[in-house]
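Each residue of the sequence shown is one higher than the one before, counting from 1 in the UniProt record's numbering.
Beneath this line is the structure, given in structure tokens, with notes to follow.
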Amino acid sequence: MVHWRKALPLGLLCIAVPGAVYGQEDLRGVGVLDRLRPAYDPDGVRLGAFEIKTGVKVSETYTDNVFASETNKKSDIITSVAPDITVTSTWSRHQLRLRGSLDTRFHAQESDENATDWALGADGRIDITRNTTLALDAGYRREHEERGEPDAFAAAEEPTQYDIIETGFELAQRFNRFSVALGGRYADVDYEDVARTGGGTIDNDFRDREAYLAQFKLGYEVSPDTSLFALAEVNQRDYDRIDPALGAKRDSEGYELRGGVDLKLTRLVDGQVYVGYREQQYDAAALEDVSGVSYGANLNWYATPLTTLRFTALSDLEETIEAGASGNERTALGAAVDHELLRNLILTADASYENEDFIGSSREDDTYTFGFGGTYLMNRHFRFGLNYKFTSRDSTDLGEDYDENLIGVFIRTDL
1 MVHWRKALPL
11 GLLCIAVPGA
21 VYGQEDLRGV
31 GVLDRLRPAY
41 DPDGVRLGAF
51 EIKTGVKVSE
61 TYTDNVFASE
71 TNKKSDIITS
81 VAPDITVTST
91 WSRHQLRLRG
101 SLDTRFHAQE
111 SDENATDWAL
121 GADGRIDITR
131 NTTLALDAGY
141 RREHEERGEP
151 DAFAAAEEPT
161 QYDIIETGFE
171 LAQRFNRFSV
181 ALGGRYADVD
191 YEDVARTGGG
201 TIDNDFRDRE
211 AYLAQFKLGY
221 EVSPDTSLFA
231 LAEVNQRDYD
241 RIDPALGAKR
251 DSEGYELRGG
261 VDLKLTRLVD
271 GQVYVGYREQ
281 QYDAAALEDV
291 SGVSYGANLN
301 WYATPLTTLR
311 FTALSDLEET
321 IEAGASGNER
331 TALGAAVDHE
341 LLRNLILTAD
351 ASYENEDFIG
361 SSREDDTYTF
371 GFGGTYLMNR
381 HFRFGLNYKF
391 TSRDSTDLGE
401 DYDENLIGVF
411 IRTDL
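Spelled out as structure tokens, the structure:
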């Protein structure tokens, strides 16, 4: 599977057909992509008290700008082979899930762009009492930096690979309508060095870091369909090496306070909305501290039994190695539509706008995306589809603009 530049979707309306296709089945409040389709959902394999689901997806994607370049546009065809497996317990109490995935990409023209991503992980839940649970998770991932990522080195001879080790927990307790949860996360990110075009090596050790996060959440159930929550979060980010362009490490500490609501308005709209305040302080005097309002929203509108619209908004602060910048303040808005043209034919469309403001630097990026596609479910074991995506970035930095068109087809088989 080709990993496109992450973006929130903004969608188009698709053709609707009469809801009578479902007879008396009421599908309001269940998204098109989330609902069960017994005739087409993979059965999986039962092994004792576990259920195993596994499959492989093979795709072919054409790109007209494989390097995400403003001036050096080159086309390519990318073959992706991506198997995955999930093993889930079927116990009446507690839960355990093991997961693994692999994604190998081969380029027909630019073989230096070949990359292999993989991930292994486990998560579970311990039901201590009826109202007390402990959730745990851990994982190891190897990924690569897409050419269109804002921190990607244009001079790198091949995509930069990096490893992520993550682990976390959440202890939750419910008291009638009130609930409290205490959680924590740890992540270790390790970037590999990469050959520089024209000779030499790009040393990425200064990007390696550890991140710690602690979180406390208080919730109140106003009604079965509406819950309020307040969240407090503190974080610490420790880098291994000095950034040579900065002359110091990019270490920082910060916090965020949020208040929000999980809601379900009748059977047509549900989701979450929150607003908060965040602050991130950097140890290096040359890096500007960041503070301000944060917000997020994920809303689903079940317009008809066959059509779901999804709306998203996000204000976030990400790490960056942009010269002179302390952080990447990212704002994204979007929506998407999923439409069930037939019981086994799903159409999708999305578009988005994303603004990235590199605090302390003159750089600011605006990225627009648009895409559509369709998936045909042949039976429980086979499905195939096609998709199109357009990405356009407009940057204040010289040479950072680019446009890219992606056209892809895929087939997936599951047990």
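For each residue, glycine too, the CB sits at the ideal point set by N, CA and C.
- arginine 330 to serine 315, Cα distance in whole Å? 6 Å
- Beta-carbon separation of tyrosine 239 and arginine 209 under 9 Å? yes
- Message: Cutting at 6 Å between CB atoms, please list the residues of its own chain near alanine 214, excluding the five before and the five after it.
- Response: Gly184, Val234
- Message: Among the candidates Pro38, Ala122, Val66, whose CA atom is the shortest distance from the CA of phenylalanine 106?
- Response: Val66
- Residue closest to serine 392, alpha-carbon to alpha-carbon, out of Lys53, Pro150, Leu120: Pro150
- beta strand (DSSP E) segment containing asparagine 355, residue limits: 345-358
- Query: Taking the alpha-carbon positions, what's the aspartate 397 to glutamine 280 distance?
  - Reply: 25 Å
- Query: Along the chain, where does the beta strand (DSSP E) that runs through glycine 371 open and close?
  - Reply: 364-377
- Task: Assign tyrosine 22 to one of three DSSP states: helix, strand, or coil.
- Result: Low local confidence applies: a pLDDT of 42 at tyrosine 22 is under 50, so the model's placement there is unreliable, with the coordinate-based value given in what follows. Helix, per DSSP.
- Opposite valine 234 in the DSSP bridges: which residues? Ala214, Tyr255
- Query: Cα separation between residue 476 and phenylalanine 206?
  - Reply: It is not possible to answer for residue 476, since the shown part of the chain is limited to 1 through 415.
- CA-CA distance, aspartate 251 and aspartate 289? 12 Å
- Query: Which value, in whole angstroms, describes the spacing of the CA atoms of aspartate 403 and phenylalanine 390?
  - Reply: 7 Å
- Message: Between the alpha carbons of arginine 93 and glycine 48, how many angstroms are there, rounded?
- Response: 15 Å
- Task: Determine the DSSP secondary structure at phenylalanine 67, reduced to helix, strand or coil.
- Result: coil
- Message: For the pair the segment 119-127 and the segment 136-148, tell me if three or more CB-CB distances fall below 8 Å.
- Response: yes
- Give a yes or no on whether the C-beta atoms belonging to glycine 399 and threonine 116 are separated by under 9 Å. no
- Message: Quick check: the Cα distance between aspartate 394 and tyrosine 368, rounded to an integer number of angstroms?
- Response: 9 Å
- Item | Local Cβ density within 10 Å of tyrosine 22, reported as buried at 16 or more and exposed below that | Low confidence applies to tyrosine 22: its pLDDT is 42, below 50, so where it sits in the model is not reliable enough to give any reading.
- Task: Ignoring anything shorter than 3 residues or poking outside the segment 376-414, list the beta strand (DSSP E) runs there in chain order.
- Result: 382-395, 402-414
- Using three-state DSSP, classify phenylalanine 153 as helix, strand or coil. coil
- Message: Quick check: what's the CA-CA separation for lysine 73 versus asparagine 405?
- Response: 11 Å
- Kindly confirm or deny that the segment 334-346 and the segment 310-326 touch, where touching means at least three C-beta pairs closer than 8 Å. yes
- Message: Measuring alpha carbon to alpha carbon, tell me which residue in Glu145, Asn379, Ala325, Leu36 is nearest aspartate 190.
- Response: Glu145
- Query: In whole angstroms, what separates the C-alpha of proline 224 from that of glycine 29?
  - Reply: 14 Å
- Cβ-based burial, isoleucine 128 [other Cβ within 10 Å; buried from 16]: exposed
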